[in-house]
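Chains as they are written, first to last, in the UniProt record's numbering: chain A, 1 to 282; chain B, 1 to 435.
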């Protein structure tokens, strides 16, 4: 696993957006071999999405052969509800780029058979050859997508009841009225995310500090589901200084020193991103 | 929503600054299809459709088309003129409707000054609601009938020989205007009456019930007579300051309605101004009516415009009150059968007198003047010619708005609020620019 520490939210967003852009460009996707991207919602990825839109508008990045799979969606909210994840993705990303509608996959929280919807979602991922890069965030309780504490680390896409803490955290998007917040959601499983060939997690803010510490300094534990990234061959966490507040000084110094070595090695653009992983040996 | 999806062309406007939700918004797009503004999210997720046509606004301000709810004619044509065949009158109306598109006026209320019953019987059927068209002309929102139930004292350029009272109630009105009045807002959108005229106050609720906006004006009403008219259902004041008693500090007259605090608060926000900092209640519709303002700088001194605006900002509606001389060179023209002369300032006076008879100002020039006179924001200036007149007529869901569901009547403006492009129901109007 690599840990990249940057100063603040904006620097983290820039780094991740740049990373995704370079990965897509190096992959050079075509109609027969598209780039499959997993995407999150929430406040963490907004800066990244804004930057990706800028890259599209400046001509540096095209989404023509990019296929996306979102992590989750509420059950029972109409698709065009202002708080649905469909609306979030449209407003923050899809409205501004050249992605094809048929390449966008978001779970349908109003499907007549939710279990079938979940199974079909997994099947769709398999049909396009699996996910190349899964972007994600982390909750204060260390959850990835809606895989709350206690979720099986081998879980797949399914219906989940939301934790009370999550419902409270979401109430701010529903006029502060807990009664209006959906109680169920469809979510990809921990294993669904970890099946991707690469996982990139964004973590910013002091309120995520404990979760980050639990997920990378302690064991793989279903109480902190992001900790499953420790078992992934190609995991990357990008975080800001505030979120490192609960890490050991030794941990922070270690990852910063590795990166320092990197910068010296990849001072020029000659080394590809894949070579970095080869050198570091995650 | 629609049961079957339309397969017609979807247009998307990019690189625009849109007037949305009382703000100028940058990174947003405007989508329209079948002449209506749409929300593209559903099309994207459900039908996998993208835009067929991209319109590059190149940074222009994109705003709703202007509405003019008081305009008497133009290009030598007077809507109260009933001479000639029905065909000729229809052609004349079409000429004016077509010409108004050049000024960004995409919807209007043809105004008919005080006339005899024969005139109304002949012209009102031709002024019924009619959909706008980029080639054929601006949308007709129904007629604005100004008088004859108005004050002799404040006749302006109207012919007082035709004035009458309403002492026999609503049937006097039906007799004066003919069968079109029964059609309510299909034919007549606004009626201007003077509340102190006998019988008028009691007829106001009847007219309001027919879905007609009752406007008070051409009147010598005192403040209490004017306020009574509002409690009875009047929701507009006709060209504030003109043809009414001047403001007096002990009896502010009709102008004083802008300072009213204890008018009954409306339950339904439809056809009432939104609450502002000067409203009696900040979380309920404003009980004061809307008010028209002619902002050619001649009818009302710019300082007076500013005072009125800041007293009641959400009620301000820009009107041109343009007469037949609009769009023509200086000279002598006709209005309601009388000779009027247009001077170099574009003001029209009854020939040989100092009595103002109307203006030759256009609605887009009105917006620019208004912004200069009051130093208000661009949004406020534009809303006074779009959102507010649409609210007067209760049609703010489809006119004067860029929200999904609105008619795609659009203007592209530069930063000086000059018109660059005009669209009616999503089709572009060919502009004759002299630049």
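All residues carry an ideal CB built from backbone N, CA and C; glycine is no exception. For clarity, every value in this text was computed on a predicted model and none was experimentally measured.
CB contact below 8 Å: residue i versus chain A
i             : result
residue 29/B  : yes
residue 3/B   : In this prediction, residue 3/B has a pLDDT of 42, which is less than 50 and means its spatial position is unreliable; what the coordinates show is noted afterwards. Not one chain A Cβ lies under 8 Å of residue 3/B.
residue 435/B : Note that residue 435/B has pLDDT 38, beneath the 50 cutoff, so the model's placement of it is unreliable and the number below is only indicative. Judged by the 8 Å Cβ criterion, residue 435/B is not in contact with chain A.
Enclosing alpha helix (DSSP H) for residue i [first to last residue]
i             : result
residue 365/B : 363–374
residue 242/A : Residue 242/A -> no alpha helix (DSSP H), and no H or E assigned at all.
residue 189/B : From DSSP, residue 189/B is part of no alpha helix (DSSP H) but of the beta strand (DSSP E) over 188–193.
residue 188/A : Segment: none, residue 188/A is in no alpha helix (DSSP H) and carries neither H nor E.
residue 391/B : 387–392
residue 144/B : Careful: residue 144/B lies outside any alpha helix (DSSP H), inside the beta strand (DSSP E) at 143–146.
residue 381/B : 378–383
residue 306/B : 302–311
residue 340/B : Taken as a continuous stretch (DSSP letters only), residue 340/B belongs to no alpha helix (DSSP H), being part of the beta strand (DSSP E) at 338–342.
residue 91/A  : 85–92
residue 257/A : 249–265
residue 173/B : 170–177
residue 114/A : 114–127
residue 161/A : Element bounds for residue 161/A: not the alpha helix (DSSP H) but the beta strand (DSSP E), 158–161.
residue 483/B : The displayed coordinates of chain B run from 1 to 435. Any statement about residue 483/B would go beyond what the structure contains.
residue 207/B : 200–209
residue 23/A  : 9–27
Residues that DSSP places opposite residue i in a beta bridge
i             : result
residue 134/A : 38/A, 199/A
residue 71/A  : Paired residue(s): none; residue 71/A is not in a bridge.
residue 292/B : 317/B
residue 228/B : The partner list for residue 228/B (beta bridge, DSSP) is empty, contrary to what the question assumes.
residue 52/B  : BP columns for residue 52/B are empty, so no partner.
residue 33/B  : 10/B, 36/B
residue 224/A : 221/A
residue 236/B : 215/B, 290/B
residue 104/A : 68/A
residue 139/B : 107/B
residue 439/B : Outside the modelled stretch of chain B, which goes from 1 to 435, sits residue 439/B, for which no answer is possible.
Integer-rounded CB distance, given that residue j should sit under 8 Å from residue i
i             : j             : result
residue 312/B : residue 258/B : 5 Å
residue 60/B  : residue 413/B : 6 Å
residue 141/B : residue 109/B : 5 Å
residue 266/B : residue 285/B : 5 Å
residue 41/A  : residue 85/A  : 5 Å
residue 291/B : residue 326/B : Wrong, their Cβ atoms sit about 22 Å apart, outside the cutoff.
residue 104/B : residue 407/B : With a Cβ gap of about 14 Å, residue 104/B and residue 407/B do not count as contacting.
residue 321/B : residue 294/B : 5 Å
residue 207/A : residue 112/A : With a Cβ gap of about 38 Å, residue 207/A and residue 112/A do not count as contacting.
residue 274/B : residue 232/B : Not a contact, Cβ separation roughly 22 Å.
First through last residue of the beta strand (DSSP E) which encompasses residue i
i             : result
residue 38/B  : 36–38
residue 423/B : 419–424
residue 63/B  : 61–64
residue 47/A  : Element bounds for residue 47/A: not the beta strand (DSSP E) but the alpha helix (DSSP H), 46–57.
residue 112/B : 105–112
residue 23/B  : 23–25
residue 359/B : 356–359
residue 347/B : 347–350
residue 5/A   : 2–6
residue 402/B : From DSSP, residue 402/B is part of no beta strand (DSSP E); its letter is neither H nor E.
residue 18/B  : 17–20
Any C-beta of chain B under 8 Å from that of residue i
i             : result
residue 13/A  : no
residue 278/A : Unreliable placement is indicated for residue 278/A, whose pLDDT of 49 sits below 50; the coordinate value is still reported in the next sentence. Not one chain B Cβ lies under 8 Å of residue 278/A.
Contact list for the region 41–54 of chain B against chain A, Cβ threshold 9 Å: If the cut-off is 9 Å between Cβ atoms, the region 41–54 of chain B has 41, 42, 43, 44, 45, 46, 47, 48, 49, 50 near chain A.
Taking beta-carbon pairs under 7 Å, can you tell me which members of the region 79–94 of chain A lie near chain B? Residues 79, 80, 86, 87, 90, 94.
What are the residues of the region 98–123 of chain A that lie near chain B, defined by any Cβ-Cβ distance shorter than 8 Å? Along the region 98–123 of chain A, going in chain order, the ones with a CB nearer than 8 Å to a CB of chain B are 100, 101, 102, 104, 106.
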